[in-house]
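Undergrad: I'd like to ask some things about the structure below.
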């Protein structure tokens with residue numbers, strides 16, 4: 018950012034008094050602009066052993082597959098955000114949402130919250146951000162055409178746990194270094 | 018906000034094309050300013066059956082008790098944020114953090130992530146944002162001098178579950194309406 022949201026003057030990136038991290042500070046009106054991680058909320062819609070995926074109609078990763086997920090909005094709860102994304106991207110109503118995974122993507126300051134849920138009546142159709150939506154068995158998942166590491170990771174863990182018959186909260190950090198190497202730390 | 022962070026021109030609050038929520042849009046350079054919920058990460062530091070609380074040296078709620086918690090920063094993971102807050106507010110090292118509660122505070126667009134963890138060597142002392150820090154048994158918790166509903170709710174559930182011998186993830190929404198009435202929805 019270059020200008021103050023409150024007075025329009027130029028901002029400086031510096032560590033304010035009694036702080037220990039650089040912030041965008043307005044030298045004219047002294048306003049401090051804090052920037053914090055964003056939450057991406059989404060779900061794994063389940064129906065008769067299958068999982069609903071969406072093929073992206075938008076960048077990044079146009080044409081690749083993902084679970085319904087997107088940025089949480091002000092004023093809503095995490096569960097509402099996950100349900101809204103399924104409705105927007107797949108015209109899907111998902112009930113009984115329960116938190117399944119929480120991953121911190123430290124290189125882009127995002128926290129993914131993915132919920133398991135039941136796809137009502139197995140019904141879905143593409144929303145404006147999806148080229149197509151489809152229910153997949155584990156064997157049918159298009160692993161080589163997945164859009165995001167965090168979603169692939171969540172689905173891998175989901176199917177592993179489903180085979181073991183016992184679901185538990187998945188926690189981890191995913192980082193991509195400047196050379197593009199991805200590391201995953203599981204808790 | 019009043020001014021564009023990119024070009025310093027005035028912003029307008031309106032619904033952009035292909036969107037359904039009002040955003041601060043710059044009519045000069047077309048930049049859209051998205052605003053999203055913030056994560057507050059913290060922990061319940063456990064030591065020999067006691068829990069560490071901090072008495073606040075800052076507003077809001079100066080002088081009242083809370084668990085160590087604060088805004089997650091860009092570039093860190095949720096677990097790192099929870100551990101950092103314990104170190105900053107109570108000079109406390111907390112190990113083996115495991116997610117215990119996730120509450121959405123819809124009226125202020127915050128998501129609280131509270132982790133259970135072991136207070137290393139039972140050691141703590143006030144950081145700059147704390148007047149005092151102290152280990153409390155359940156009977157000693159100063160319930161009427163607690164700073165935040167979400168923290169009280171987390172502690173109530175924690176002690177209930179501890180008596181039952183079985184901890185599980187606590188999920189809920191907390192809302193305060195314009196008249197000040199607080200409602201809690203548990204999942």
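Residue numbers (the numbering used here), protein chains in the order written: chain A, 18 to 204; chain B, 18 to 204.
The beta-carbon is built from N, C-alpha and C at its ideal position, and this holds for glycine as well.
(1) On the three-state DSSP scale, how would you describe residue 165 of chain A?
(2) Do you know whose CA, among B:108, B:111, B:132 and B:138, lies nearest residue 118 of chain B's CA?
(3) Find the nearest neighbour of residue 173 of chain A within the set A:115, A:94, A:45 and A:61, judged by alpha-carbon distance.
(4) Taking residue 146 of chain A and residue 90 of chain A to be in contact with their CB atoms under 8 Å, please state how far apart those CB atoms are, rounded to whole angstroms.
(5) Which residues share a DSSP beta bridge with residue 63 of chain B?
(6) Using C-beta distances below 7 Å, list every residue in its chain close to residue 201 of chain B, excluding the 5 sequence neighbours before and after it, in chain order.
(7) Closer than 8 Å is the cut-off here; do at least three beta carbon pairs connect the segment 56-73 of chain B with the segment 123-131 of chain B?
(8) Tell me, please, whether the segment 136-153 of chain A touches the segment 67-85 of chain A by the rule of three or more beta-carbon pairs shorter than 8 Å.
(9) Whole-angstrom Cβ separation of residue 103 of chain B and residue 111 of chain B, contact assumed at under 8 Å?
(10) Does the distance between the C-beta of residue 89 of chain A and the nearest non-hydrogen atom of the ligand MN fall short of 7 Å?
(11) For residue 67 of chain A, which residues in the same chain have their Cβ closer than 7 Å to its Cβ, ignoring the five residues on either side in sequence?
(12) Is there a Cβ of chain A sitting closer than 8 Å to that of residue 25 of chain B, yes or no?
(13) Determine the chain A residues that contact residue 39 of chain B at a beta-carbon separation under 7 Å, and present them in chain order.
(14) Along the segment 174-191 of chain A, what residues have a CB closer than 8 Å to any CB found in chain B?
(15) Please report whether the beta-carbon of residue 119 of chain B lies at a distance below 8 Å from any beta-carbon of chain A.
(16) Quick one: list the residues of chain B neighbouring residue 21 of chain A, beta-carbon separation under 7 Å, in chain order.
(17) Could you confirm whether any beta carbon from chain B is found closer than 8 Å to the beta carbon of residue 163 of chain A?
(18) Pick out whichever of B:115, B:34, B:134 and B:120 has its Cα sitting closest to the Cα of residue 204 of chain B.
(19) So what does residue 88 of chain A bridge to, in DSSP terms?
(20) Taking DSSP as the reference, what is the three-state secondary structure of residue 104 of chain A?
(21) Between which two residues does the beta strand (DSSP E) containing residue 18 of chain B stretch?
(22) Within this structure, are the beta carbons of residue 159 of chain B and residue 107 of chain B separated by less than 8 Å?
(23) Does DSSP put residue 38 of chain A in a helix, a strand or coil?
(24) In the DSSP assignment, find the beta strand (DSSP E) that holds residue 192 of chain B and state where it starts and stops.
(25) In its own chain, which residues sit with a C-beta less than 6 Å from the C-beta of residue 86 of chain A, not counting the 5 before and 5 after it?
(26) Just mark residue 165 of chain A as buried or exposed, buried being the case when its beta carbon has 16 or more other beta carbons within 10 Å.
(27) Nearest to residue 35 of chain B by alpha carbon, out of B:27, B:29 and B:49?
(28) Please list, in chain order, the chain B residues whose beta carbon lies closer than 7 Å to that of residue 89 of chain A.
(29) Buried or exposed, going by whether 16 or more other CB atoms sit within 10 Å of the CB of residue 55 of chain A?
(30) With burial defined as no fewer than 16 other Cβ atoms inside 10 Å of the residue's Cβ, what is the status of residue 69 of chain A: buried or exposed?
(31) For the putative contact between residue 42 of chain A and residue 22 of chain A, defined by C-beta atoms under 8 Å, what is the C-beta separation to the nearest angstrom?
(32) With a cut-off of 8 Å on the beta carbons, I'd call residue 115 of chain A and residue 141 of chain A a contact; round off their distance for me.
(33) Quick check on the burial criterion: 16 or more other C-beta atoms within 10 angstroms. Buried or exposed for residue 134 of chain A?
(34) Tell me where the beta strand (DSSP E) around residue 113 of chain B begins and ends.
(35) Let me make sure I understand the geometry here. Which of A:122, A:93 and A:113 has the alpha-carbon closest to that of residue 95 of chain B?
(36) So, with DSSP's three-state summary, where would you put residue 127 of chain A?
TA: To lay it out plainly:
(1) Coil, per DSSP.
(2) Closest by alpha carbon: B:132.
(3) Nearest C-alpha to residue 173 of chain A: A:61.
(4) Wrong, their Cβ atoms sit about 15 Å apart, outside the cutoff.
(5) Paired residue(s): B:68 and B:135.
(6) By the criterion of a C-beta distance shorter than 7 Å, residue 201 of chain B is surrounded in its chain by 170, 189 and 191, once the five residues flanking it on both sides are discounted.
(7) Yes, they touch.
(8) Taking 8 Å as the limit for Cβ pairs, the verdict is that the segment 67-85 of chain A does touch the segment 136-153 of chain A.
(9) The beta-carbon separation of residue 103 of chain B and residue 111 of chain B, rounded to 5 Å, stays under the 8 Å limit for a contact.
(10) The ligand MN is not part of this structure, which contains no ligands at all.
(11) If we look at residue 67 of chain A and ignore the five residues flanking it on each side, its Cβ neighbours are 152, 153 and 154.
(12) Closer than 8 Å to some Cβ of chain A, the Cβ of residue 25 of chain B qualifies, so yes.
(13) Going along chain A, no residue has its Cβ under 7 Å from residue 39 of chain B, so there is no contact; the nearest lies around 10 Å.
(14) Taking 8 Å as the cut-off between beta carbons, the residues of the segment 174-191 of chain A near chain B are 186, 188 and 190, in sequence order.
(15) It does: the Cβ of residue 119 of chain B has a partner Cβ on chain A nearer than 8 Å.
(16) Going along chain B in sequence order, the residues near residue 21 of chain A (Cβ under 7 Å) are 20.
(17) Not one chain B Cβ lies under 8 Å of residue 163 of chain A.
(18) Minimum Cα distance to residue 204 of chain B is reached at B:120.
(19) For residue 88 of chain A, which the question treats as bridged, DSSP gives the partners A:57.
(20) Correct three-state label for residue 104 of chain A: helix.
(21) From DSSP, residue 18 of chain B is part of no beta strand (DSSP E); its letter is neither H nor E.
(22) Taking 8 Å as the cut-off, the beta carbon of residue 159 of chain B is found no closer than this to the beta carbon of residue 107 of chain B.
(23) Here residue 38 of chain A sits in coil by DSSP.
(24) It spans 187-193 - the beta strand (DSSP E) in which residue 192 of chain B sits, taken as one unbroken run.
(25) Excluding residues up to 5 positions away in sequence, 57, 59 and 102 lie with their Cβ nearer than 6 Å to the Cβ of residue 86 of chain A in the same chain.
(26) With a threshold of 16 other beta carbon atoms within 10 Å, residue 165 of chain A meets it and is buried.
(27) Per the Cα distances, B:49.
(28) Per Cβ cutoff of 7 Å: 53 and 54.
(29) So residue 55 of chain A ends up on the buried side.
(30) Residue 69 of chain A comes out buried.
(31) That belief does not hold up - the Cβ atoms of residue 42 of chain A and residue 22 of chain A are roughly 12 Å apart, past 8 Å.
(32) Residue 115 of chain A to residue 141 of chain A, Cβ: 20 Å. No contact.
(33) That one is buried.
(34) Judged by DSSP secondary structure, residue 113 of chain B falls within the beta strand (DSSP E) whose first and last residues are 111-122.
(35) That would be A:122, whose Cα lies nearest to the Cα of residue 95 of chain B.
(36) In the three-state reduction of the DSSP assignment, residue 127 of chain A falls in the strand class, which pools E and B.
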